[in-house]
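Just add 102 to wherever you are in the sequence shown, counting from 1, and you've got the numbering used here.
Inspection log for the structure reproduced underneath, given as structure tokens.
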Amino acid sequence: MSDSLTNEEFSRYGRQMIVQGISNNRDPIEHQLLLKNSKICVIGAGGLAAPCLSYLAGAGVGEIGIIDDDVVETSNLHRQIIHSTSKKGELKCDSAKKFINDLNPHVQVNTHPVRLTNDNAFEIFAPYDVILDCTDTPMTRYLASDVAVLLGKTLVSASGVNTEGQLTILNFENIGPCYRCFHPKPPPPNTVSSCSMNGVIGACIGLVGIMQAVETLKVLQKVYTKDNFEPFMLQYSGYMDQSLRRFRMRKRRHDCVSCGDSPEITREKIESYEINYMSFCGSRDYDVVDSMERITPAEFKEKYWSAPAKECVVIDVRPQAHYKISNFNTDTVKNIPLATLTSMKGDIGKLKEVVPEINEDSNVVVFCRYGNDSRLATRELKDKFGIQNTKDVIGGFFAYIDQVDPSIPKY
Ligand code: ZN
């Protein structure tokens, strides 16, 4: 516990300390010391965390834990601006630590280069006052919320994808509501979108991360109190007109299995994996083709692509925007997004409108980005359209780039 500020800290934090009307009439030094003595833990060091961590570190939060086991990649840098091109390949939590300590050497940064799991969540969260969820998977949201409730920690939770984002405070001072109060059931796996599949505008997710920092300051500096806190959800939309909507949310649900009157979720059940977040949230089952129905990128090049005599229809089922960014650059490949193919409901006449030369006897090869959607498409083409000679390319277009032709751009 620190009860004083150095002269360097006075000049570093002076401009925020003189702001009037935000400290619940607390002495400005005491108000700053609340930050200096606080410990927060941030899950994820990506697009939300980048600006959020920067402002919280700049503001003088005393101790920050960062949980992330990913390394910095080029595709992160348009939004994850605490990392940099020279940090490529470095652990994100190490890269973030360097950035933070360069900005403010007073902050103690603890790195946790692991994935948050049932095994480690309690131990990692325990020393911190407030947890920040900066991830984009429902699985982590439920786990973080359940553990925060059981440890009595406030959770500031944000998410963002595409041009939109959401922000809320969960289990505030242990009075709730929690994530399960809002979402007793997880969303269907095929409706969950991610930044890597659906894309994200860096500035949009960054703005949500900054708002997350503002809310965290209010929690840490006790601007919110048990008396004045009202559960809310902020919803940001970046395009076309920017808008921020604030929804009042219901208080804790008495029948909530996590924070309700008779909770069913316990630490033992989580740590023993009796509560399995993976199966609770589910995942889309891509395991629908067998090995005989698949070929490697090298086999594709050898047997189908390079052999001009071999008649073959190549279908790329990626969404159109993905396809336009990078493709084989030839009209012989047809881009039919999976959703479009599925909407044809096995009607080969409709398929012929896009690919006139196709029939039930055609040799068809299917690509997608990573080789998941192409498996669903292969099943569809064989079972519904009756095209038996359909093959799925293992690992998709990106595996082809890695293994056969690295000159094609990856995005
Ligand atoms: Zn709850």
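For each residue, glycine too, the CB sits at the ideal point set by N, CA and C.
It should be emphasised that the depicted structure is a prediction, and the values quoted were computed from it without experimental measurement.
Runs of the alpha helix (DSSP H) lying entirely within the region 339-387, each at least 4 residues long, are 369-373, 379-383 in chain order. Looking only at 183, 135, 290, the smallest Cα-Cα distance to residue 149 is reached by 183. Contact annotation, residue 443 with residue 419: C-beta distance approximately 6 angstroms; criterion of less than 8 angstroms satisfied.
Shown here, residue 219 sits in coil according to DSSP, grouped into three states, outside any helix or strand. In this model, residue 331 and residue 273 are separated by some 11 angstroms (Cα to Cα). Taking residue 358 as the centre and dropping the five residues before and after it, the same chain places the C-beta of 282, 283 closer than 6 angstroms to its C-beta, in chain order. Relative to the Cα of residue 415, the nearest Cα in the group 185, 469, 376, 372 belongs to 469. With a cutoff of 8 angstroms on beta-carbon distance, residue 328 and residue 428 are scored as not near each other. In the structure shown, residue 234 adopts extended strand secondary structure according to DSSP, grouped into three states.
Distance from the CA atom of residue 356 to the CA atom of residue 472, rounded to whole angstroms, is 43 angstroms. For residue 193, the closest alpha carbon among the candidates 292, 172, 218 is that of 172. DSSP, reduced to helix, strand and coil, places residue 396 within a strand of the structure shown. Residue environment for residue 238: buried (at least 16 other C-beta atoms within 10 angstroms of its C-beta). Exposed is the label assigned to residue 228, since fewer than 16 other Cβ atoms lie within 10 Å of its Cβ. With fewer than 16 other Cβ atoms inside 10 Å of its own Cβ, residue 459 counts as exposed. Residue range 422-427 is occupied by the alpha helix (DSSP H) that includes residue 424. Taking C-beta atoms as the reference points, residue 235 and residue 246 count as a pair closer than 8 angstroms. Here the region 200-214 lies against the region 159-168, with 3 or more beta-carbon pairs under 8 angstroms apart.
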